[in-house]
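In the numbering used here, the protein residues as written are 1197 to 1833.
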């Protein structure tokens, strides 16, 4: 292996790094010493140089934080805290007790936090000039140190060992644990993750930034020269996270996972004299990761950097600026990363909108005007056929007042005399059937996004309308794709409305052969679970890019997709289904998860099928997918 000059320099810096933290200058904090939270500047212990302080910081009007901060700059930037999730009131106290315990208690004497003691007890404490607060025994051996319990920041000379985490605070002024995590895992993965993603699923694919190395990483080191890098067990440099552009003697430095999810390596001039004088007396950024958090965090990870229904744009130093689209407003103006909500009154789904109703002449005129501005799709039904009249009324009733990105929007309709006309927005990429079963196989990422979009559309129909809508005919021909290949559910001609006080209905068989749930044939009440069943069949088609039934197949047991997929799953032979898809073979574990979700959806017993909300959460990775039961009915052709 050939090292660059910079790599060799890092190696030598690493070799000289270890040294005793207690060997630095310090002032003993002895038995019985304590600090009390109050509104003055005497509630802290300073390092010998006065550059760092340990003590109580008042956070607005909410209470006090036991913290460490840069003490010689006006901002008093906090680098560590003990009780971010539980601020304490005035009069609270931290004390090194006579029996060797170091504890934080509130004003009533209730214990809030304590430093873990190995059993021998602490003899004294010290605030060091490195920013490290240490507790030692009588032999001056360090028993506890803040460097081993980081919050959102690391400092020069600090080391992160395996299984260490940095957690961003929630907002600029809220020091409770936030939405983002920087983790060095035991298997060597180093990455940035959203905290809503389950930790036991964390891998390079779930990180919104990672080093993408397969080496077993031993430590993340922020050395005395201000270089941040990864070191293996033998001391070799594996990856440089941030190189140093300024002198540590003239500048304060820190690396912080900030509340917006960006890891920033920052510096601050120690004085206006010498080489530091040309820099502003403020924190400046050397490097930041990821380069673009707006594009790095996708909906798969919980709504993006700014939450659901939001817009994200990047400014200087990788700072995401959050905004809401037209018609939406922030859920919480004080916390814009919660996402956006509708600022208009939600429309009912149980009746058609009167402003969409035209007579035939108006429809002709309006359609001509629409065609000058945008492409539209026109659906005309024969009013002489009674079934078509019922279908028309059902479709208008179901979709007339819906509003969701994964549903096709009804622009207008006409119900006059023999005219039954529906005008929809035009979907430029046609149906999902054409997309899936064409000559070339779509990539897995597109198919995964389509599956998630359909699930979200069904979740909206089932749980977010004033009346539940059971679509009753979910199949690839009824899923359309817009300019960006976003899935849009269409064709509500067979839809069934359920009132608020109604969860099931008795009705004649509706749907398309192959996608129809078993309960349709058993005179059982119909619920939203019939759509879940149809979605399960559709999901299998999306996964394997083949139709639910193929009369011409190599083997008879491969004709019915649901049966074949289940057999391959139980026999641990899913690779048979991916013989022509190298992308899926390389991600067989992800494929298996999606197959398991599909099998859950097509359970014979409707009560065993998950709701579309749970399906959506499983697809997003928020909920773990357990092994499905072994008994499900053979697919109905």
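We treat Cβ as the ideally placed atom computed from N, Cα and C, and that holds for glycine.
What number of angstroms, rounded off, separates the C-alpha of residue i from the C-alpha of residue j?
{"i": "residue 1786", "j": "residue 1714", "result": "28 Å"}
{"i": "residue 1284", "j": "residue 1275", "result": "18 Å"}
{"i": "residue 1486", "j": "residue 1674", "result": "39 Å"}
{"i": "residue 1604", "j": "residue 1676", "result": "8 Å"}
{"i": "residue 1296", "j": "residue 1228", "result": "9 Å"}
{"i": "residue 1221", "j": "residue 1322", "result": "Low local confidence applies: a pLDDT of 48 at residue 1221 is under 50, so the model's placement there is unreliable, and no value is given."}
{"i": "residue 1421", "j": "residue 1428", "result": "19 Å"}
{"i": "residue 1516", "j": "residue 1536", "result": "15 Å"}
{"i": "residue 1802", "j": "residue 1636", "result": "35 Å"}
{"i": "residue 1352", "j": "residue 1505", "result": "40 Å"}
{"i": "residue 1831", "j": "residue 1712", "result": "With a pLDDT of only 44 at residue 1831, under the threshold of 50, the placement of this residue in the model should not be trusted, and no figure is reported."}
{"i": "residue 1641", "j": "residue 1342", "result": "42 Å"}
{"i": "residue 1249", "j": "residue 1230", "result": "14 Å"}
{"i": "residue 1367", "j": "residue 1433", "result": "34 Å"}
{"i": "residue 1345", "j": "residue 1363", "result": "11 Å"}
{"i": "residue 1518", "j": "residue 1511", "result": "11 Å"}
{"i": "residue 1445", "j": "residue 1242", "result": "19 Å"}
{"i": "residue 1302", "j": "residue 1233", "result": "9 Å"}
{"i": "residue 1455", "j": "residue 1728", "result": "38 Å"}
{"i": "residue 1520", "j": "residue 1335", "result": "59 Å"}
{"i": "residue 1527", "j": "residue 1426", "result": "39 Å"}
{"i": "residue 1735", "j": "residue 1658", "result": "18 Å"}
{"i": "residue 1514", "j": "residue 1609", "result": "47 Å"}
{"i": "residue 1765", "j": "residue 1799", "result": "15 Å"}
{"i": "residue 1312", "j": "residue 1339", "result": "9 Å"}
Starting from residue i, follow its DSSP beta bridges and name the residues at the other end.
{"i": "residue 1259", "result": "1255"}
{"i": "residue 1371", "result": "Answer is none; residue 1371 lacks a bridge partner."}
{"i": "residue 1508", "result": "1518"}
{"i": "residue 1389", "result": "1377"}
{"i": "residue 1683", "result": "1677"}
{"i": "residue 1225", "result": "1321"}
{"i": "residue 1427", "result": "1415 and 1433"}
{"i": "residue 1330", "result": "1322 and 1341"}
{"i": "residue 1756", "result": "1745"}
{"i": "residue 1307", "result": "1301"}
Here's the rule I'm using: 16 or more other beta-carbon atoms within 10 Å means buried, otherwise exposed. How should residue i be labelled?
{"i": "residue 1717", "result": "exposed"}
{"i": "residue 1794", "result": "buried"}
{"i": "residue 1219", "result": "Low confidence applies here, because residue 1219 scores a pLDDT of 43, under 50, leaving its location unreliable and the question unanswered by this model."}
{"i": "residue 1348", "result": "buried"}
{"i": "residue 1389", "result": "buried"}
{"i": "residue 1731", "result": "buried"}
{"i": "residue 1288", "result": "buried"}
{"i": "residue 1530", "result": "exposed"}
{"i": "residue 1703", "result": "Residue placement at residue 1703 is poorly supported in this model, since its pLDDT is 48, which falls under 50; the coordinates are not used for a value here."}
{"i": "residue 1634", "result": "exposed"}
{"i": "residue 1264", "result": "buried"}
{"i": "residue 1365", "result": "buried"}
{"i": "residue 1251", "result": "buried"}
{"i": "residue 1538", "result": "exposed"}
{"i": "residue 1382", "result": "exposed"}
{"i": "residue 1647", "result": "buried"}
{"i": "residue 1758", "result": "buried"}
{"i": "residue 1483", "result": "buried"}
Is residue j closer than 8 Å to residue i when the C-beta atoms are compared?
{"i": "residue 1792", "j": "residue 1655", "result": "no"}
{"i": "residue 1628", "j": "residue 1683", "result": "yes"}
{"i": "residue 1298", "j": "residue 1331", "result": "yes"}
{"i": "residue 1278", "j": "residue 1292", "result": "no"}
{"i": "residue 1162", "j": "residue 1624", "result": "The chain is shown from 1197 up to 1833; residue 1162 falls before or after that span and cannot be answered."}
{"i": "residue 1280", "j": "residue 1373", "result": "yes"}
{"i": "residue 1319", "j": "residue 1333", "result": "yes"}
{"i": "residue 1270", "j": "residue 1325", "result": "no"}
{"i": "residue 1360", "j": "residue 1387", "result": "no"}
{"i": "residue 1449", "j": "residue 1356", "result": "no"}
{"i": "residue 1437", "j": "residue 1457", "result": "no"}
{"i": "residue 1817", "j": "residue 1491", "result": "no"}
{"i": "residue 1722", "j": "residue 1643", "result": "no"}
{"i": "residue 1761", "j": "residue 1755", "result": "no"}
{"i": "residue 1741", "j": "residue 1632", "result": "yes"}
{"i": "residue 1462", "j": "residue 1479", "result": "yes"}
{"i": "residue 1459", "j": "residue 1439", "result": "no"}
{"i": "residue 1710", "j": "residue 1733", "result": "yes"}
Just checking residue i against the ligand FAD - is the residue's beta carbon closer than 7 Å to any of the ligand's heavy atoms?
{"i": "residue 1230", "result": "No copy of the ligand FAD occurs in the structure displayed, which carries no ligand at all."}
- Message: If we require 4 or more residues per run, which alpha helix (DSSP H) segments fall completely within the region 1436-1469?
- Response: none
- Message: At 3 residues or longer, what runs of the beta strand (DSSP E) sit wholly inside the region 1600-1652?
- Response: 1606-1612 and 1615-1621
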